[in-house]
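Protein chains in written order, with my numbering: chain G, 1 to 437; chain W, 1 to 437.
Every residue, glycine too, gets a C-beta built ideally from N, C-alpha and C.
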């Protein structure tokens, strides 16, 4: 007997096989009965005209764990062109209560709070779990692209001694009676590790105590972090980022075609050179195109609003046919102290955001690398150097010009799939009002 | 000009190349001068009899970031059989202060507190960073082995609503004015995800507020977690674990031979079938071999002490020539509530530890999978089911027999390399007294 997965059935046409999984659906259509089994990878339909074959399922609810034995037959009418005939049904774990969500429906139409309250069950729906399979593929593509370029993976601590990186919006915890904090990013550690491995990446959780209640913020998310040495400036970083984004999408299209198809993903156009606009030019562009309606730009704010980003995303599409747009040179005043200024225009930075379909997906840039520059930057920012002593050792004892970036995993999926809320791209989201499930 | 990494130099014999990195060492030996450059991957020696070539390095300390241009020459006397001749030295980032640790020494002889206080610099030492390159290789081997077996990677939340898994030893944090906790393990979530993907793994941080101050405990570490469905019992889990361990070491020996050699790693013997002893038999064995000196076993404790584990490790080596030993069937009373009992001897569990050279490396087993069994187990343990509502949904709406395990990344490296302290296998360890660097 061949124990197979649903997605392997096409290799077993004409053979007896056994499959295990969940009772995904059961339909009795006047003499013909369809049993749909869902395993960890897909679904398969079994068909029988013999009512007695269904006897083991009497009184059981959908979701029961079952085993199906039968013969794989090619049938152009069946989903995926095949079905199981003369099935023998065994029950592994009976379920007696109806699921709180209609998992057998092609689209899982439920209000967001219901979906999130019952995420444990909701994530079993084929269209929900496809999102999280793409998350796995995104991480794998990220790692593969960087490993091929001699980057080393690191895992840096998430419990940190001081709320140093931005000073605000950190979660505080009780560490054996002393205060400690959850890392907002691996920023300091990944820079430190450039001193060790030159090129590093990390995939891990980051924690932001931002009291935002928007569709595009959550308080714990997965960050895909990169940092590397011996760059010329932020353009070296942007060139690598383009390769990483292309590598991720290559990996997804090669290995996750079925999930992309199921979710009707609109794959992005990644031009050989992603178009680029300087922050100052971006503001001019918004003023010119939107005049009195230019909002934060008209008000002279040294940052771009979500509306500005959307408008720039539309412009990049119209002008270049590009789903991505680099905005570089954000004002130093809006960037953290370790940001490297533009040597030509020191009020602007050698940093960038990458917009994906009009939403910030990645932030990155060149960092300071000289010890004296750090001391000066900390003094300018009004920080005492003392809590930064360990971090500063990296620069005191030799660091090359370096930079990096961080991609928000859930943001990438949200934009790729056109999801209306970041929570829908998160297995078990944490927000202002939710720490469970 | 070829910009190359040190480890690629053997492909460029006879050619002009340029390398970038840190000034690792500088030796003036009566007319012949050796400059050793360290980049992110290795070191290379440049040689010159012309004192003037060293002029850019005047007054600079080791650790300065430099660029070396020269010709690669094969020389059997040189380290790795090659050296750079007629080097041109450029300084990228000067360092003016001597490093707090002698990085140029072959062995980094420093007291543990000094090493840890200056981990930012210490981890640059070739023998230190080789450990962390093996950490990267271990994660990669783990993922590759499981991906080939159709496991899906997940990233589950680290901020959780209740201190539910063991009820003690959790870090508490302030989550927008409410209490929340750091996950001690992804246990509940990986089980939940078996309901989605059937086979899952996770690589991520776990947090233990255990007030232990020993050489083999730290409070934040990297856990390599696996969970999968449709098992027969814990022996299915143990069989997979053997494949994962073998897969990790295959990956290391294939891709990290230089690091293993540098650290003089003593590669383990992984037998086709890892030997196995039941907990009750292990206690009998210790009593028989150590009699009056049998400590916790003689006292009738339902657990094994570190000394017991060491003795069992020695026995496995003597008896089977195996570096690994499974101890299965730990008493239910010492295992968490979700542990599946042995159907034949319900006081014992379908769980196991894997000892690696006499130290617990992995804990795993079969879990309960029936909803009613969970309700009964929680009642027996004196827990209200209420805080477990979301977790219990996984079982209420259908779960197959399943199990899994968790490998401690740092433990694996400690045992492989014979390190005297787990902190030496951790980039930036967190313990009772240390949250920095």
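Span separating the alpha-carbon of residue i from that of residue j
| i | j | result |
| --- | --- | --- |
| residue 267(G) | residue 416(G) | 7 Å |
| residue 91(G) | residue 317(G) | 53 Å |
| residue 331(G) | residue 368(G) | 15 Å |
| residue 128(G) | residue 122(G) | 7 Å |
| residue 37(W) | residue 262(W) | 17 Å |
| residue 153(W) | residue 259(G) | 15 Å |
| residue 126(G) | residue 66(G) | 18 Å |
| residue 294(G) | residue 321(G) | 23 Å |
| residue 387(G) | residue 428(G) | 34 Å |
| residue 10(G) | residue 72(G) | 8 Å |
| residue 394(G) | residue 52(W) | 30 Å |
| residue 410(G) | residue 206(G) | 12 Å |
| residue 162(W) | residue 143(W) | 29 Å |
| residue 354(W) | residue 146(W) | 18 Å |
| residue 310(W) | residue 277(W) | 14 Å |
| residue 328(W) | residue 233(W) | 12 Å |
| residue 314(W) | residue 290(W) | 13 Å |
| residue 114(W) | residue 130(W) | 19 Å |
| residue 413(G) | residue 352(G) | 21 Å |
N-terminal and C-terminal residue of the beta strand (DSSP E) that residue i is part of
| i | result |
| --- | --- |
| residue 67(G) | 65-74 |
| residue 227(W) | 220-229 |
| residue 90(G) | 82-93 |
| residue 173(G) | 172-175 |
Nonlocal neighbours in the same chain, by C-beta distance under 6 Å from residue i, ignoring five residues either side
| i | result |
| --- | --- |
| residue 226(G) | 201, 404 and 405 |
| residue 323(W) | 268, 269 and 357 |
| residue 102(G) | none |
| residue 88(W) | 69 |
| residue 371(G) | 395 and 396 |
| residue 23(G) | 62, 64 and 66 |
Host alpha helix (DSSP H) of residue i (start-end)
| i | result |
| --- | --- |
| residue 287(W) | 279-290 |
| residue 517(W) | Because residue 517(W) is not part of the residues shown, which for chain W are 1 to 437, the question remains open. |
| residue 180(W) | No alpha helix (DSSP H) contains residue 180(W), which is instead part of the beta strand (DSSP E) from 178-182. |
| residue 189(W) | 187-197 |
| residue 244(G) | 234-255 |
| residue 139(W) | 126-147 |
| residue 427(G) | Element bounds for residue 427(G): n/a, residue is neither H nor E. |
is_contact[residue i, chain A] using C-beta, thresh 7 Å
| i | result |
| --- | --- |
| residue 227(G) | Absent from the structure: chain A. Protein chains present are G and W. |
Neighbouring residues, chain G, relative to residue i (Cβ below 8 Å)
| i | result |
| --- | --- |
| residue 39(W) | 198 |
| residue 97(W) | 396 and 397 |
| residue 231(W) | Under the 8 Å cutoff, chain G gives no residues; its nearest Cβ is about 11 Å from residue 231(W). |
Partner residues on chain G for residue i, Cβ-Cβ distance less than 9 Å
| i | result |
| --- | --- |
| residue 174(W) | 171, 172, 173, 174 and 209 |
| residue 71(W) | The premise fails here: residue 71(W) is roughly 21 Å from chain G at the closest Cβ pair, so nothing lies under 9 Å. |
Contact set for residue i: own chain, Cβ-Cβ below 7 Å, skip 5 residues either direction
| i | result |
| --- | --- |
| residue 434(W) | 116 |
| residue 442(G) | Since the first residue of chain G shown is 1 and the last is 437, residue 442(G) is not available in this structure. |
| residue 307(G) | 295 |
| residue 95(G) | 60, 61, 63 and 64 |
Contact list for residue i against chain G, beta-carbon separation under 7 Å
| i | result |
| --- | --- |
| residue 192(W) | 120 |
| residue 115(W) | Ordered by position in chain G, no residue passes the 7 Å Cβ test against residue 115(W), which lies about 13 Å from the chain. |
| residue 139(W) | 153 |
| residue 93(W) | 369, 370, 398, 399 and 400 |
Chain-ordered chain W contacts of residue i [CB-CB under 9 Å]
| i | result |
| --- | --- |
| residue 421(G) | The premise fails here: residue 421(G) is roughly 17 Å from chain W at the closest Cβ pair, so nothing lies under 9 Å. |
| residue 5(G) | 150 and 198 |
| residue 159(G) | 171, 182, 205, 207, 219, 220, 430 and 435 |
| residue 185(G) | Neighbours of residue 185(G) on chain W: none; closest Cβ ~14 Å, over 9 Å. |
| residue 133(G) | 152 and 197 |
| residue 65(G) | 229, 230, 369, 398, 399, 400 and 401 |
Cutoff 8 Å; reference residue i; Cβ partners in own chain excluding five residues on either side
| i | result |
| --- | --- |
| residue 99(W) | 61, 62, 63 and 121 |
| residue 402(G) | 191, 194, 227, 228, 229, 230, 231, 366, 367 and 369 |
| residue 173(W) | 159, 179, 180, 181 and 182 |
| residue 26(G) | 33, 34, 35, 36, 54, 57 and 62 |
Chain W residues whose Cβ lies nearer than 8 Å to that of residue i
| i | result |
| --- | --- |
| residue 349(G) | Those within 8 Å of residue 349(G) in chain W number zero; the least Cβ separation is about 20 Å. |
Partner residues on chain W for residue i, Cβ-Cβ distance less than 7 Å
| i | result |
| --- | --- |
| residue 129(G) | 196 and 197 |
| residue 123(G) | 196 |
| residue 366(G) | Residues of chain W passing the Cβ test: none, with the nearest at roughly 14 Å. |
For this session: With a floor of 3 residues, list each beta strand (DSSP E) that falls wholly inside the segment 15-44 of chain G, ordered by position along the chain.
Result: 16-29 and 32-38
For this session: Only counting runs of 3 or more residues, tell me where the beta strand (DSSP E) segments fall wholly within the segment 97-122 of chain G, in order along the chain.
Result: none
For this session: Write down every uninterrupted run of the beta strand (DSSP E) in the segment 303-373 of chain W whose length is 3 residues or greater and which is fully enclosed by it, in chain order.
Result: The segment 303-373 of chain W contains these whole beta strand (DSSP E) runs: 324-328, 351-356 and 359-367.
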